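K.L.:
Once you've had a glance at the structure underneath, I'll fire off some questions.
Numbering (the working numbering), first residue to last: -13 to 606.
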């Protein structure tokens, strides 16, 4: 509890004690008697102890032209009750209203804690190594290419590659993963992570403005600006609703007494009407629910840029996926070898020798596979043939490694094979000697994530990829995607998203999940774009509305559950608040309800709605 909240609690307790004392003062049958003044004085003391700030806010807002708000409603209702002699009820209105305000403050504080924890990832300094000396500077003063020293217990100030040391890395604040990640030379580390136990040196690869921690903080700071439609509606509703309530209460206080003569009774009903109609439960609980949902998601490494995107995800029925890096790992490995006239190990050695000059991921995967088996032969006169492959001389033999077009070009007759993945053919001295298939590994939890999405009610799942049809179909079958479109260029993906958008179910949304630069247009076009934050490109993360910081596709159904439960809680609060208020209003008009019931309909409903809203922070 903050210092301000503690002061408020003390005030409430003091006002409640004075209020209780006033209840023991007997009522006087004579107005302006000593006993009457004592009783009035005690209740006034309790009233101003509890509500002086509410009265001041109401007066100040009126002076600034902002008349109709919850402060005005509480002020006029409580003062009116005091004027007509209902001292205890007037004081009770103010005390219980402050109890509701305190409860709201505590709830907001708890929901903000997840966000504030995220803000703590911001490193205060960087130990940069310059001319053999280490200087402590601000992270934004470090240049790309400089070396930063990170001691055990310190936060990584900028994104970079480890050039010295090994350690465990705590990334919980960024990814939601509790288990430390072991890193060593050559591994990339992201800013905001905490170095656990070893001395590290990293070469900075991004300026601070483009670092992971800077982008996360920007997302967090801007998330409250993007309100959900429901939230905007409630805000607009309150602006119109409050003046209508005041006018209605005035009519209740004036018109019926003209016919009945019971001015006191109808004024009491009008004041009760004002207390009941205070929109606090709606104005507080709806944004608190969305804020809690965003904060709860951040605990799992799911960054949501605004409540509107949370609401859009809740209504998503069509899920469109990129393949590479999203459903697959984006890391290639040799999956199949076929040789003719030579052994498979010779085939792999020849291919690796020729491919050493290329930095293409396919070439790298072949070289890595060969290195695991032993030394790679030295290649001479190696040259890369754009669009075909590579040529080189290995052990006096002319090696050609590449696609089918290269084999046709040199006149090597291939063996026709159907294989899932990218096929790299090899010829020795113009004679075909086999092929190597390189495949992208499917993420272990892609199938489970798709299955869970369908259990959550996803009507349609689609995979869009630029890969070959046979490979795309194999991946789609493995992970359980309903539809697949292959061999698409980036503009083709956007067109496909457009078509899917037009074919989506009414009152539903379309979500696109991707990680690459070529996914950015599709992410921006979808109702809600979801990017992989760990390995995803900056362009994709920038274009996306939701970022899965740990690249775990299993967090997608979790995000959907959070979004849907948040929306459900919002609707529960709206229906509950309006239902109770309407019931008490009707009861009051028929002389069944009173101001105590009105206090419950306002403060009680607000507290219950806030407690319900706080459930959004604990969704798993």
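Note that CB positions come from ideal geometry on N, CA and C, so glycine has one too.
Given the structure is predicted, the values throughout are model-derived calculations rather than measurements.
#1: Output needed for residue 32: all residues of its chain with C-beta closer than 7 angstroms, excluding positions within five of it in sequence on either side, in chain order.
#2: Does the contact criterion of 3 or more C-beta pairs under 8 angstroms hold for the stretch 566 to 583 versus the stretch 314 to 329?
#3: Which residues in the same chain as residue 11 place their Cβ atom closer than 8 angstroms to its Cβ, once the five residues preceding and following it in sequence are excluded?
#4: Below 8 angstroms between beta carbons: does that hold for residue 493 and residue 301?
#5: Look at the alpha carbon of residue 134 and the alpha carbon of residue 538, and state the distance between them as a whole number of angstroms.
#6: Could you name each continuous alpha helix (DSSP H) segment of 4 residues or more that falls completely within the stretch 335 to 385, going from the start of the chain to the end?
#7: Leaving out the 5 sequence neighbours to the left and right, which residues in its chain are closer than 6 angstroms to residue 550 when beta-carbon positions are compared?
#8: Do you know whose CA, among 331, 501 and 365, lies nearest residue 343's CA?
#9: Using a Cβ-Cβ cutoff of less than 6 angstroms, which residues in the same chain neighbour residue 522 once the five nearest sequence positions on both sides are dropped?
#10: Measuring alpha carbon to alpha carbon, tell me which of 298, 372, 143 and 175 ends up nearest residue 153.
#11: Taking residue 308 as the reference, which of 117, 137, 372 and 469 has the closest Cα?
#12: What separation, rounded to the nearest whole angstrom, lies between the Cα atoms of residue 30 and residue 138?
#13: Excluding sequence positions up to five away, which residues of its chain have a Cβ less than 6 angstroms from the Cβ of residue 44?
#14: Name the one or two DSSP bridge partners that residue 171 has.
#15: Between which two residues does the alpha helix (DSSP H) holding residue 147 run?
#16: Can you tell me which residues form a DSSP beta bridge with residue 602?
#17: Sorted by chain position, which residues of the same chain lie with C-beta nearer than 8 angstroms to residue 235's C-beta, five sequence neighbours on each side aside?
#18: For residue 156, count neighbouring C-beta atoms within 10 Å of its own C-beta (all shown protein chains included) and say buried if the count is 16 or more, exposed if not.
#19: In whole angstroms, what is the alpha-carbon distance linking residue 105 and residue 166?
#20: Per DSSP, which residues does residue 425 bridge with? Please list them.
#21: Is it the case that the stretch 373 to 390 contacts the stretch 276 to 293, given that we only count it when at least three CB pairs across the two stretches are under 8 angstroms?
#22: Between the Cα of residue -6 and those of 191, 89 and 417, spot the shortest distance and give me the residue it belongs to.
#23: Measure the Cβ-Cβ separation of residue 179 and residue 596 and say whether it is below 8 angstroms.
#24: Keeping to the same chain, check which residues put their C-beta closer than 6 angstroms to that of residue 408; ignore five residues upstream and five downstream.
#25: Which same chain residues end up closer than 6 angstroms to residue 36 when comparing Cβ atoms and leaving out the 5 residues on each side of it in sequence?
#26: Assign residue 434 to one of three DSSP states: helix, strand, or coil.
#27: Going straight from the alpha carbon of residue 593 to that of residue 86, what length do you get?
#28: Please classify residue 172 as buried or exposed, where buried requires at least 16 other C-beta atoms within 10 Å of its C-beta.
#29: Just how far apart, CA to CA, sit residue 434 and residue 465?
#30: For residue 553, count neighbouring C-beta atoms within 10 Å of its own C-beta (all shown protein chains included) and say buried if the count is 16 or more, exposed if not.
#31: What do you get for residue 51, buried or exposed, if any count of 16 or more other CB atoms within 10 angstroms of its CB means buried?
#32: Given a cut-off of 8 angstroms, decide if residue 314 and residue 533 are closer than it, judged by their beta-carbon atoms.
#33: Answer yes or no: do residue 320 and residue 355 have a C-beta to C-beta separation smaller than 8 angstroms?
#34: Does DSSP put residue 416 in a helix, a strand or coil?
#35: What's the gap between the Cα of residue 445 and the Cα of residue 587?
#36: Contact check, residue 495 vs residue 298 under 8 angstroms by CB: the rounded distance?
P.N.:
Reading off the structure:
#1: What you label residue 32 is simply residue 46 of the chain shown in a count that begins at 1. 1, 4, 5, 8 and 77, listed in sequence order.
#2: No, the stretch 566 to 583 does not touch the stretch 314 to 329.
#3: As a position in the chain shown, residue 11 is number 25, starting the count at 1. Within the same chain, residue 11 has close Cβ partners 21, 24, 25 and 28.
#4: As a first step, residue 493 is located in the chain shown; it is residue number 507 there, counting from the start. As a first step, residue 301 is located in the chain shown; it is residue number 315 there, counting from the start. When the beta-carbon positions are compared, residue 493 and residue 301 come within less than 8 angstroms of each other.
#5: If you number the chain shown from 1, residue 134 lands on position 148. If you number the chain shown from 1, residue 538 lands on position 552. Whole-angstrom Cα-Cα distance: 29 angstroms.
#6: As far as the stretch 335 to 385 is concerned, its whole alpha helix (DSSP H) runs of at least 4 residues are 347 to 357.
#7: To locate residue 550, count along the chain shown from 1; it is residue 564. Cβ neighbours of residue 550 beyond the five flanking positions: 300.
#8: The residue given as residue 343 occupies position 357 in the chain shown. Selected option, being the one with the closest Cα: 365.
#9: If you number the chain shown from 1, residue 522 lands on position 536. In this prediction, residue 522 has a pLDDT of 49, which is less than 50 and means its spatial position is unreliable; what the coordinates show is noted afterwards. Cβ within range, chain order: 501.
#10: For the purposes of this step, residue 153 is identified with residue 167 of the chain shown, where counting begins at 1. Ranking 298, 372, 143 and 175 by Cα distance to residue 153 puts 175 first.
#11: Walking along the chain shown from the start, residue 308 turns up at place 322. Among 117, 137, 372 and 469, the Cα nearest to that of residue 308 belongs to 469.
#12: Residue mapping note: residue 30 aligns to position 44 of the chain shown, counting from 1. Residue mapping note: residue 138 aligns to position 152 of the chain shown, counting from 1. A straight-line Cα-Cα distance of about 60 angstroms links residue 30 and residue 138.
#13: Locating residue 44 in the chain shown gives position 58, counting from the first residue. So the qualifying residues of the chain are 57, 58 and 61.
#14: Within the chain shown, the letter at position 185 stands for residue 171. Answer by DSSP bridge pairing: none, since residue 171 is not bridged.
#15: For the purposes of this step, residue 147 is taken as the residue at position 161 of the chain shown. Careful: residue 147 lies outside any alpha helix (DSSP H), inside the beta strand (DSSP E) at 146 to 150.
#16: Residue mapping note: residue 602 aligns to position 616 of the chain shown, counting from 1. Listed as beta-bridge partners of residue 602 by DSSP are no residues whatsoever.
#17: Stepping through the chain shown from its first residue, residue 235 is reached at position 249. Within the same chain, 256, 257, 259, 260 and 263 come within 8 angstroms of residue 235 by CB-CB distance, once the 5 residues on both sides are set aside.
#18: For the purposes of this step, residue 156 is taken as the residue at position 170 of the chain shown. Residue 156 comes out buried.
#19: For this step, residue 105 is matched to residue 119 along the chain shown. For this step, residue 166 is matched to residue 180 along the chain shown. Bear in mind that a pLDDT of 49 at residue 105, under 50, signals an unreliable position, so the number given afterwards is only what the model happens to contain. Their Cα atoms are separated by approximately 20 angstroms.
#20: As a working note, residue 425 is residue 439 in the chain shown. 319, per the DSSP bridge assignment.
#21: The stretch 276 to 293, when compared against the stretch 373 to 390, does not touch it at the 8 angstroms Cβ threshold.
#22: Reading the chain shown from its first residue, position 8 is the one you call residue -6. Between residue -6 and the set 191, 89 and 417, the nearest pair of CA atoms involves 89.
#23: One-based indexing of the chain shown puts residue 179 at position 193. One-based indexing of the chain shown puts residue 596 at position 610. Contact: no.
#24: Walking along the chain shown from the start, residue 408 turns up at place 422. So the list reads 348 and 424, once near-sequence residues are dropped.
#25: Residue mapping note: residue 36 aligns to position 50 of the chain shown, counting from 1. Counting only Cβ-Cβ distances below 6 angstroms, and skipping sequence neighbours, we find 1, 80, 81 and 84.
#26: Locating residue 434 in the chain shown gives position 448, where the first residue counts as 1. Here residue 434 carries a helix assignment [DSSP, helix/strand/coil].
#27: As a working note, residue 593 is residue 607 in the chain shown. As a working note, residue 86 is residue 100 in the chain shown. Distance between the alpha carbons of residue 593 and residue 86: 6 angstroms.
#28: By one-based count along the chain shown, residue 172 stands at place 186. Under this definition residue 172 is an exposed residue.
#29: Stepping through the chain shown from its first residue, residue 434 is reached at position 448. Stepping through the chain shown from its first residue, residue 465 is reached at position 479. Straight through space, the alpha carbons of residue 465 and residue 434 are spaced by roughly 8 angstroms.
#30: As a position in the chain shown, residue 553 is number 567, starting the count at 1. So residue 553 counts as buried.
#31: Here residue 51 refers to the residue found at position 65 of the chain shown. An exposed status is given to residue 51, since fewer than 16 other beta-carbon atoms sit within 10 Å of its beta-carbon.
#32: Reading the chain shown from its first residue, position 547 is the one you call residue 533. Reading the chain shown from its first residue, position 328 is the one you call residue 314. Not a contact, by the Cβ cut-off of 8 angstroms.
#33: Here the question's residue 320 lines up with position 334 in the chain shown. Here the question's residue 355 lines up with position 369 in the chain shown. Result yes, Cβ atoms of residue 320 and residue 355 sit closer than 8 angstroms.
#34: In the chain shown, counting from the first residue as 1, residue 416 sits at position 430. Here residue 416 carries a coil assignment [DSSP, helix/strand/coil].
#35: If you number the chain shown from 1, residue 445 lands on position 459. If you number the chain shown from 1, residue 587 lands on position 601. In a straight line, the C-alpha of residue 445 is about 40 angstroms away from that of residue 587.
#36: Numbered from its first residue, the chain shown carries residue 495 at position 509. Numbered from its first residue, the chain shown carries residue 298 at position 312. Taking a contact as a CB-CB distance under 8 angstroms, the pair residue 495 and residue 298 counts as one, their CB atoms being some 5 angstroms apart.
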